[in-house]
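Asker: Residue numbers (this note's numbering): 6 to 149.
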Amino acid sequence: GTYVFNTVRRIGGLIQPEVATAQPGDTIRLTKGLYVENVTLDKHVKLIGVGSGSDPAANTVLRLPNSNVPIEAVVTITGSGASDLDPLLLKSLRVEPRGEVGVSLGVVGDWNAVQSVSYIRFEDVQVVGTPAQQHIENERCLVS
């Protein structure tokens, strides 16, 4: 038969442009691979990968680009889900902060801003730090 999925997007290039064009409630499906970018989820979306293992050939791995900007997050969440039953969702992906923050609830470093997020769910998400890292002070799994 024929199926129409109006609120599902499957991508393989960059995540942020798809988040920017998504409507609240949309699902963004990531293919396997390594995504090297900062991702800001500023609206109610579901970001679903294919696995949280370390091999990008079989899983979805998110990592920060090389940058001189301090205190960044691989994923920044400033949006909220709709309810307990309809949360903003991160599922089946691996986050590698590489000396910075893995997931931030609110903007990292903007300590004066009043930020509130709610109805966030993580399923099969691994945030894995850098082994043998000498400067680990900023490398954290989750900050708010």
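Built from N, CA and C at the ideal position, the CB exists for glycine as well.
Quick one: residues in its chain with C-beta nearer than 6 Å to the C-beta of CYS146, no 5 flanking neighbours on either side, listed in chain order?
Answerer: Translated into positions along the sequence shown, residue 146 becomes position 141. If we look at CYS146 and ignore the five residues flanking it on each side, its Cβ neighbours are GLY107 and VAL132.
Asker: Please report the Cβ distance between VAL122 and SER88, rounded to the nearest whole angstrom; I am assuming they are in contact, meaning their Cβ atoms lie under 8 Å.
Answerer: Within the sequence shown, residue 122 is the residue found at index 117, counting from 1. Within the sequence shown, residue 88 is the residue found at index 83, counting from 1. With 8 Å as the limit, VAL122 and SER88 do not qualify as a contact, their Cβ atoms being about 14 Å apart.
Asker: In angstroms with no decimal places, state the Cα-to-Cα distance between PRO70 and ALA63.
Answerer: Within the sequence shown, numbered from 1, the residue matching residue 70 stands at position 65. Within the sequence shown, numbered from 1, the residue matching residue 63 stands at position 58. Their backbone Cα atoms lie some 21 Å apart in a straight line.
Asker: Suppose you measure from the CA of ILE82 to the CA of GLY111; what does that come to, to the nearest Å?
Answerer: In the sequence shown, the residue the question calls residue 82 occupies position 77. In the sequence shown, the residue the question calls residue 111 occupies position 106. One C-alpha to the other measures close to 6 Å.
Asker: Considering only C-alpha positions, which residue in the set GLY54, VAL130, GLY30 and THR36 is nearest to ASP47?
Answerer: The residue labelled residue 47 in the question sits at position 42 within the sequence shown. For the residues GLY54, VAL130, GLY30 and THR36, the minimum Cα distance to ASP47 belongs to GLY30.
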